Amino acid sequence: MDIRRLPLWEGRNATIMNNGEINAVIEDQGEVMLELSNQVRSGARVNPLAIPYFRGFGSGVLSDPNGSWYSMKETLYQAGGSYFTFPYPSEDRITSNNTYWMVRRYGTEALHGGVWRLSSMKSREEGNRYELEKLDYLAPDTPFVYTLVNIRNNGDEVLDASPAMNSMLSFPFLESGDFINTNARHFTCYSRGVRELAENRFKPGVVFEDLKKAPLLSGGCADASVTPSPTGSYDYILGKIPSNERLGWITVTNPRSMSVYMSFTTSFGDVGVYDLENVSITENYLGRIDAPWALFDGGTSQVYSLTVGFNSGPKGTRHMHLEGHQEAKILYANGYFNYENPRISLGFYSCDIADDAFTFKRTKSTMRVNADTSFSRIRELYKNLSSGE
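Under the numbering used here, think of the first position of the sequence shown as 154, with each following residue one higher.
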């Protein structure tokens with residue numbers, strides 16, 4: 154186990170966490186996890202998280218001479234990786250992923266030997282006063298980074314928000330033939346945003362039960378759970394996690410490298426925890442043609458990516474209503490791991506959840522992955538840190 158600080162670009166710093174299996178690199182700027190790498194069976198060490206070619210390396214978009222190319226959007230300037238968004242995506246307000254965080258403490262946890270980092274940020278904007286405290290934890294015996302975000306409304310009025318967690322995946326992990334599994338149901342596709350130059354592949358506004366049978370705009374259906382060769386399309390898909398599920402989870406499997414990227418979030422009805430009730434899937438198969446995704450608006454798309462995560466509602470909605478001076482917690486985990494049974498490369502049919510593991514099944518073939526599915530360790534760690542132990 155190892156944790157240490159390291160400099161990145163022009164005053165931008167990060168923390169690297171390692172448990173001998175995975176490396177996690179989390180940048181202070183926007184709290185973006187830029188790397189969650191593992192050594193795949195073919196020998197290379199692979200980071201499945203995207204670092205787009207246009208990601209900025211300066212102190213911020215406002216001081217960058219090419220700021221206009223980014224439309225002066227800080228979130229585009231530091232796009233990619235895995236990140237938490239609060240209170241909602243915005244360039245006009247302070248949000249969790251477009252501002253600098255302060256790393257307050259980091260160290261090794263005594264009971265299990267894991268490493269952790271505690272960071273925070275605060276918004277003092279009128280009508281947008283909140284404080285976030287974020288704990289990241291890497292255990293020695295599981296291939297996941299566990300995250301707890303404590304949200305406090307510092308204002309007197311109700312804070313309306315739509316928190317979300319997203320992981321942007323790209324080459325070399327993401328390639329045609331990768332497949333998506335999730336326990337979400339009741340999927341819906343959405344039209345591209347007003348400011349997004351793109352073409353949809355799937356028909357918006359239609360509810361469907363099976364990700365393998367997504368309705369096409371051109372008629373018929375296609376399998377939205379398998380990454381195709383570049384289609385020149387861009388689609389945002391939302392799936393509802395059933396309320397009787399213990400966890401919400403999503404996996405992306407690369408059958409060639411025999412590796413899996415996985416995210417999961419807390420069960421429903423947990424006291425003091427706000428649930429991210431939806432799985433979000435953004436399929437950008439060379440479909441975004443607005444700058445900086447393309448070299449110029451209407452140009453050739455330069456980014457092939459798949460973004461997966463969780464949120465509490467569709468774009469533009471506010472589903473979290475936090476009373477003045479109240480707190481809420483959000484828990485999620487991201488992991489990257491390999492498997493040995495080649496039959497899993499054909500896809501799995503079910504996922505059993507125990508307190509200490511996920512077990513993915515395909516007929517008689519199984520894949521077991523160690524995981525703290527109740528988030529018990531990070532909950533206890535946060536409690537101890539908050540009490541000064």
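Yeah, the Cβ is synthetic: ideal placement off N, Cα and C, and Gly gets one too. In this text, all values refer to a predicted model and were calculated from it rather than measured experimentally.
Can you tell me where the beta strand (DSSP E) holding residue i begins and where it ends?
i: Asn319; result: Ala317 to Leu322
i: Leu534; result: Careful: Leu534 lies outside any beta strand (DSSP E), inside the alpha helix (DSSP H) at Ser529 to Ser539.
i: Trp269; result: Val268 to Glu278
i: Phe356; result: Per the sequence presented here, residue 356 reads as Lys, with Phe not at that position. Where Lys356 is concerned, there is no enclosing beta strand (DSSP E), given that its DSSP letter is neither H nor E.
i: Leu161; result: First-last for Leu161: undefined, no H or E at that position.
i: Ala507; result: Ser503 to Ala507
i: Asp388; result: Ser386 to Lys393
i: Leu202; result: Looking at the DSSP string, Leu202 is not in any beta strand (DSSP E), and its letter there is neither H nor E.
i: Thr519; result: Ser518 to Asn523
i: Gly260; result: Met255 to Thr261
i: Phe237; result: Ser235 to Thr238
Can you look up residue i in the DSSP assignment and give me helix, strand or coil?
i: Asn334; result: strand
i: Lys365; result: helix
i: Ile497; result: helix
i: Tyr223; result: helix
i: Ser249; result: coil
i: Val379; result: strand
i: Val214; result: helix
i: Glu174; result: coil
i: Asp289; result: strand
i: His478; result: coil
i: Asn407; result: strand
i: His339; result: strand
i: Phe490; result: strand
i: Val347; result: coil
i: Tyr427; result: coil
i: Asn397; result: coil
For residue i, tell me which candidate among the options has the shortest Cα-Cα distance.
i: Gly173; options: Phe324, Ala292, Ser344 and Phe511; result: Ala292
i: Arg348; options: Pro296, Lys226, Ala263 and Val424; result: Lys226
i: Asn319; options: Thr228, Gly452 and Tyr492; result: Thr228
i: Ser412; options: Asp181, Leu187, Gly164 and Asn200; result: Asn200
i: Thr404; options: Arg471, His339, Asn491 and Ser465; result: Asn491
i: Gly183; options: Gly220, Gln231 and Pro160; result: Gln231
i: Ala524; options: Lys356, Ile506 and Thr168; result: Ile506
i: Pro242; options: Asn464, Pro495, Val522 and Met520; result: Asn464
i: Leu327; options: Leu312, Gly372 and Leu202; result: Leu202
i: Asn334; options: Phe513, Met186 and Ala375; result: Phe513
i: Val359; options: Met170, Leu370, Ala351 and Thr519; result: Leu370
i: Asp363; options: Asn353, Ala351, Cys342 and Glu352; result: Cys342
i: Val185; options: Arg515, Phe340 and Thr238; result: Thr238
i: Met170; options: Arg158, Asn219 and Tyr502; result: Arg158
i: Asp443; options: Met520, Tyr387 and Pro160; result: Tyr387
i: Ile179; options: Ala337, Thr460 and Gly233; result: Gly233
i: Arg409; options: Val424, Ser540, Gly213 and Asn494; result: Asn494
Contact defined as beta carbons within less than 8 Å: I believe residue i pairs with residue j. What is the distance between those atoms, to the nearest angstrom?
i: Leu439; j: Pro383; result: 4 Å
i: Ala486; j: Ser416; result: 7 Å
i: Leu391; j: Pro316; result: Not quite, the Cβ-Cβ distance comes to about 15 Å (not below 8 Å), so this is no contact.
i: Gly401; j: Val426; result: With 8 Å as the limit, Gly401 and Val426 do not qualify as a contact, their Cβ atoms being about 12 Å apart.
i: Ser273; j: Met255; result: 6 Å
i: Arg305; j: Glu279; result: No, Arg305 and Glu279 are not in contact; Cβ-Cβ is about 17 Å, not under 8 Å.
i: Tyr389; j: Thr435; result: 5 Å
i: Leu301; j: Ile531; result: 5 Å
i: Glu310; j: Gly477; result: 6 Å
i: Trp269; j: Asp294; result: Wrong, their Cβ atoms sit about 15 Å apart, outside the cutoff.
i: Arg496; j: Arg521; result: Arg496 to Arg521, Cβ: 14 Å. No contact.
i: Glu163; j: Leu534; result: In fact, because the Cβ distance is near 33 Å, the residues do not count as touching under 8 Å.
i: Ile204; j: Asn191; result: So it is not a contact: roughly 16 Å between Cβ atoms.
Along the chain, where does the alpha helix (DSSP H) that runs through residue i open and close?
i: Leu369; result: Where Leu369 is concerned, there is no enclosing alpha helix (DSSP H), given that its DSSP letter is neither H nor E.
i: Tyr230; result: Glu227 to Tyr230
Can you check DSSP and say which residues form a bridge with residue i?
i: Glu180; result: Ala167
i: Gln192; result: Arg198
i: Ser458; result: Asn437
i: Trp402; result: Phe417
i: Phe513; result: Cys504 and Met520
i: Met473; result: Ala314
i: Ile442; result: BP columns for Ile442 are empty, so no partner.
i: Thr560; result: Coverage of the chain is limited to positions 154 through 542, which leaves residue 560 absent and any answer about it impossible.
i: Val185; result: According to DSSP, Val185 bridges with nothing at all.
i: Glu282; result: Here residue 282 turns out to be Arg, not Glu, going by the sequence shown. Paired residues: Arg277.
i: Arg305; result: Glu284 and Glu480
i: Gly485; result: Looking at the sequence shown, residue 485 is not Gly but Tyr. Tyr485 is bridged to Thr300 and Thr418.
For the ligand GTP, is there a heavy atom less than 8 Å away from the beta-carbon of residue i?
i: Leu370; result: Inclusion of the ligand GTP in the displayed structure is not the case, the ligand content being empty and no account of it being possible.
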